[in-house]
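Whatever position you read off the sequence shown (first residue = 1), add 743 for the numbering used here.
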Amino acid sequence: MLKNKLLAYITCSSGAVAAVFGFLLPVIVGSAGMAVDLSKAYLVKNRMCLALDASTLAVGSSSGSIEELEDKLQAFMNANYPEDEFGHLRTPQLEVTENLIHAEVSADVDTSFMGLLGNETMRVDCSTDVVREVRGLEVALVVDVTGSMSTNNNIDALRTASRNFVNILYDRTTDEENVKIGIVPYVANVNVGPYGLGLDEAGQPYGDAFVRNPSGLSFDQSEKFEWHGCVMARENPDDTLDAQDTWQWDMFRHDFSRSRNSSYRYYASYYNNNYGPNYDCNRNHIQPLTSDRTTLLEKIDLFYPGGYTHGNLGMVWGYRVISPGFPFEEGAAWEDDQWQKAILMMTDGVNTVPQTYGAYGG
């Protein structure tokens, strides 16, 4: 009898579901709580990774020291993932090797239910890589070295600004060959230097001569009656072209017999006897595109003011310097997407019409 009752008790299934549920309730609640915490962690990770991607891309388009880039990454992360978002961001880490930028960041996410199990926070991590596209830069530095630059020591300010520009570009590139700078000083004319006669500054062959030289003159700035390097402007429409099949440039030399103004013809003998035929020819001449920082800085140190102002001539010669075509051919092809081209003009004023002979004649 007792044996039968004991057996019946053991095999009785009444109320089993409630008992099992009672045992499993903590597990069910814990699992649901973990799902909530994991969902919040996933949300934090997703937003944080998007913010890191955007911030690293922004850093990739910047330049500077590793410390400066780290500061920029932190600033971009603060903007892209503000403090009121879920998760406590740690300081992002940055590594730069040549053209590869690697960034990573982590965050601590406060838990709601997992804290009951002793896990009060969860850590989530993100990392990303950005490969910089290395593109070269060609710049024509078009500078106003006219007479007005002598006021308020503007010429010294021009030298300083030009030096800073050159140094900044070369300090922030991993390969100086990726930066080419040309210098185009201008007044009421532009000085093309020995290049106009097909020679470089060392007197070695440079390329085709592009200045007419019917008198067989030499480029010699130490001799009054030799050619000092300035050229006349070409007639429209060739004045804005760099094509080799258009007619060449004439030397800038006072030829008052062709002047339309009788007063200029009157002063012909005065200028030629007292100043030579190069009067109003500024001796600062064009420096073609180069990656030699020392050469550029030496040219900048030689800037001196004198003459009237025709900024349009400076700009068109700046275009010719960065152009791959005649007469200066150091520039990359226009369709070469590995190079960017730019012109930077520095001036203190507006164009002034010379009262003496200029690149447009008398």
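Every residue, glycine too, gets a C-beta built ideally from N, C-alpha and C.
Contact set for residue i: own chain, Cβ-Cβ below 6 Å, skip 5 residues either direction
i     : result
M1088 : V885
C973  : N932, N934, F995, C1024
E969  : L960, S961, D963
N921  : G879
K923  : E881, L1032, S1034
K1166 : The requested residue 1166 does not occur in the structure, where the chain is confined to residues 744 to 1105.
W1060 : V927, V933
V1093 : none
N897  : D1091
Where the alpha helix (DSSP H) through residue i begins and ends
i    : result
K815 : 809 to 823
Residue i: first and last residue of the uninterrupted beta strand (DSSP E) it sits in
i     : result
E847  : 843 to 853
W925  : For clarity, residue 925 is Gly in the given sequence; the question names Trp instead. Unbroken beta strand (DSSP E) run through G925: 922 to 929.
L942  : No beta strand (DSSP E) holds L942; DSSP gives it neither H nor E.
A1085 : 1082 to 1089
Counterpart residues of residue i in DSSP-defined beta bridges
i     : result
H831  : D851
V873  : I844
W1108 : Outside the shown range of the chain, which is 744 to 1105, sits residue 1108, and nothing can be said about it.
Q836  : E847
V933  : Y929, V974
T864  : D853
M791  : DSSP, once it has assigned bridges, lists no residue as partnering M791.
V954  : W992
P948  : L942
CB contact check: residue i to chain C, cutoff 8 Å
i    : result
N862 : The displayed structure is made up of one protein chain only, and chain C is not part of it.
Beta-carbon contacts of residue i that lie in its chain and below 8 Å, excluding the five residues immediately before and after
i     : result
R1036 : V909, N910, Y913, E919
A797  : F819, N823
Sequence-distant residues of the same chain with beta carbon closer than 7 Å to residue i, five excluded per side
i     : result
S849  : R833, R866, V867, D868
H1106 : Any question about residue 1106 goes unanswered here, given that the chain covers just 744 to 1105.
V874  : N842, L843
T917  : E841
Q1081 : R878, G879
Exercise for review: Flag this pair as touching only if the region 815 to 822 and the region 901 to 912 have three or more C-beta atom pairs under 8 Å; answer yes or no.
Suggested key: They do not touch, by the three-pair rule.
Practice item. Mind the definition here: the region 1067 to 1077 touches the region 1026 to 1035 only if three or more C-beta pairs lie below 8 Å; say whether that holds. Key: Look at the beta carbons and you see the region 1067 to 1077 touching the region 1026 to 1035: at least three pairs across the two are nearer than 8 Å.
Review point. Would you say the region 868 to 880 touches the region 789 to 796, given that touching needs at least three Cβ pairs under 8 Å?
Key: Flag = yes, the region 868 to 880 and the region 789 to 796 touch.
Point to revise | the region 872 to 883 / the region 1077 to 1085 touching (three or more Cβ pairs under 8 Å) | key: Between the region 872 to 883 and the region 1077 to 1085 there are three or more C-beta pairs closer than 8 Å, enough to call the two in contact.
**Study point:** 3 or more residues per run - each beta strand (DSSP E) lying fully within the region 1015 to 1056
**Key:** If we require 3 residues or more, the beta strand (DSSP E) runs fully inside the region 1015 to 1056 come out as 1030 to 1033.
Exercise for review: Let me know the alpha helix (DSSP H) ranges lying completely inside the region 867 to 915, each 4 residues or longer, listed in chain order.
Suggested key: Counting only runs of 4 or more residues that sit fully inside the region 867 to 915, the alpha helix (DSSP H) segments are 897 to 914, in chain order.
Review point. On the three-pair Cβ rule with 8 Å, is the region 946 to 961 touching the region 1037 to 1057?
Key: At 8 Å Cβ cutoff, the stretches do not touch.
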